[in-house]
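Notes to accompany the following structure.
Protein chains: 2
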Amino acid sequence: MQIGELAKQSGLTVSSIRFYEAQGLISVSRQANGYRAYSADAVVALNIITSARDAGFTLAEIRQLMPGDLSHCRDGALVGALRKRVDDIRMLEQRLAQTRLQIEDLIADIEDRPEGMTREANADRVLKRFKGARRTQALGG
Amino acid sequence: MQIGELAKQSGLTVSSIRFYEAQGLISVSRQANGYRAYSADAVVALNIITSARDAGFTLAEIRQLMPGDLSHCRDGALVGALRKRVDDIRMLEQRLAQTRLQIEDLIADIEDRPEGMTREANADRVLKRFKGARRTQALGG
DNA sequence: CTTAACCTTTAAGTGAAGTTGAGGGACAAG
DNA sequence: CTTGTCCCTCAACTTCACTTAAAGGTTAAG
């Protein structure tokens with residue numbers, strides 16, 4: 063598969079794919095003419111990258127997480143790579159769940175202001191809930 | 063409250079708060095000496111902005127969504143956008159969970175290698191399953 | 001009156017994540 | 001052998017979300 067086809071299948075632009083390669087997130091072999099030659103795995107890799115990015119991982123973080131080439135894994139190495147993938151997905155899931163809970167709390171706070179409560183009283187009420195709920199906010203890693 | 067105090071209470075920097083103001087996300091009145099004068103509501107507003115940003119909204123989007131006055135939060139645009147984001151995250155979580163289960167099954171399968179099968183034959187067997195399993199993955203979004 | 005900790009503005013700088021453009025090569029169809 | 005559509009590299013540009021710097025005003029304490 064050439065880069066244009068991969069772009070279509072992954073929904074990314076050609077330039078983004080080249081950019082990800084330059085950043086060390088993916089690697090690729092070349093045809094005799096210098097064109098990049100991708101296997102179907104590349105679509106999966108790009109989908110993982112996109113999901114991770116959507117979940118708030120930086121490209122630098124994703125570079126750490128991405129296994130090199132799954133097809134070169136043999137026996138123990140393959141299981142190792144798969145386990146690592148499972149761990150990565152678990153991390154992603156945790157981050158997503160946390161973000162979602164934070165938003166759900168926020169919606170509840172916005173909507174639950176009791177009738178007749180002053181803005182200031184509500185602000186206090188909301189603040190108290192925030193301080194409890196928003197401890198684990200930082201996305202960095 | 064002056065801007066330094068608001069920065070402490072919100073966990074943002076003074077410069078971020080001024081930046082948000084310059085971007086039209088918040089407004090503020092002034093003391094006689096020109097200093098910004100914030101009410102307790104500002105802390106809540108900044109927490110909403112931070113949550114929305116963590117959820118992937120750009121500042122431009124947040125500017126559209128932010129109610130001018132917190133007491134009119136029921137107006138719905140903000141809550142509606144937040145709910146949609148929650149739905150998106152839920153879908154992503156489901157896909158990730160499914161992918162993870164597939165990989166975990168696969169690991170179990172590898173470790174269950176039939177007696178007498180060479181490691182290489184097993185790797186081939188597993189890789190074929192892997193490619194099959196990942197076809198239904200659709201992590202993107 | 002000085003010092004220190006606040007605050008003000010405007011402008012420029014930074015880092016992440018790409019996008020765009022220049023200048024060219026590869027290759028199939030007519 | 002031109003035309004068109006792919007592809008290549010490399011460098012510059014853009015957008016977003018801030019941060020930092022420069023130059024100075026305000027206020028309380030000693």
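Just so you know, the sequences run in chain order A and B.
The first sequence runs 63 to 203 under this note's numbering.
The second sequence runs 63 to 203 under this note's numbering.
Just so you know, even glycine gets a beta-carbon here, dropped at the ideal spot from N, CA and C.
Keep in mind it's a predicted model, so treat the numbers as computed, not measured.
Under the 8 Å Cβ criterion, the region 145-157 of chain B does not count as touching the region 93-107 of chain B, having fewer than three qualifying pairs.
Of the candidates Gly66(A), Ala102(A) and Arg157(A), Arg157(A) places its Cα closest to the Cα of alanine 117(B).
Bridge partners of arginine 92(B) according to DSSP: Arg98(B). Of the residues assessed, tyrosine 82(A) falls on the buried side of the cut-off, its CB having 16 or more other CB atoms within 10 angstroms. With its beta carbon less than 8 Å from one in chain B, valine 148(A) belongs to the interface.
Using a CB distance below 7 Å, the part of the region 154-166 of chain A facing chain B consists of Leu154, Glu155, Leu158, Ala159, Thr161, Arg162, Gln164, Ile165 and Glu166, ordered along the chain. In this structure, the straight-line span from the alpha carbon of glutamate 67(A) to that of glutamine 85(A) is close to 21 Å. Taking C-beta separations shorter than 7 Å and ignoring five residues to either side along the sequence, the partners of leucine 87(A) in its chain run Ile111, Leu121, Ile124, Arg125 and Met128, following chain order. The C-alpha of arginine 92(A) is placed about 39 Å away from the C-alpha of arginine 152(B). C-alpha of asparagine 95(A) to C-alpha of leucine 140(B): approximately 52 Å in a straight line.
Secondary structure of alanine 114(A) (DSSP, three-state): helix. Its chain contains Val105 as the residues whose beta carbon lies nearer than 7 Å to that of glutamine 71(B), once the 5 sequence neighbours on both sides are disregarded; these appear in chain order.
Interface criterion not met: the Cβ of arginine 115(A) is under 8 Å from no Cβ in chain B. Between the C-alpha atoms of leucine 163(B) and alanine 170(B) there is a straight-line separation of about 10 Å.
Proximity of chain A to arginine 145(B) at the Cβ level (cut-off 7 Å) is accounted for by Ile169, in chain order. Taking a C-beta distance under 8 Å as the contact criterion, alanine 99(A) and valine 90(A) qualify as a contact pair.
Judged by their CB atoms, serine 113(B) and isoleucine 165(A) are nearer to each other than the 8 Å cut-off. In the three-state reduction of the DSSP assignment, glutamine 164(A) falls in the helix class, which pools H, G and I. At a cut-off of 8 Å, the C-beta of arginine 152(B) has a neighbouring C-beta in chain A.
Proximity of chain A to valine 141(B) at the Cβ level (cut-off 8 Å) is accounted for by Ile169, Ile172 and Glu173, in chain order. Contact between alanine 159(B) and glutamate 155(A) holds: their C-beta atoms lie close to 7 Å from each other, under 8 Å. In terms of beta-carbon proximity, isoleucine 124(B) stays away from the interface with chain A, with every pair separated by 8 Å or more. Residues Ile65, Leu68, Ala69, Ser72, Ile88 and Leu108 of the same chain have their beta carbon placed closer than 8 Å to that of isoleucine 79(A), with the five preceding and five following residues left out of the count.
Our two residues, aspartate 167(B) and phenylalanine 119(B), have alpha carbons roughly 36 Å apart in a direct line.
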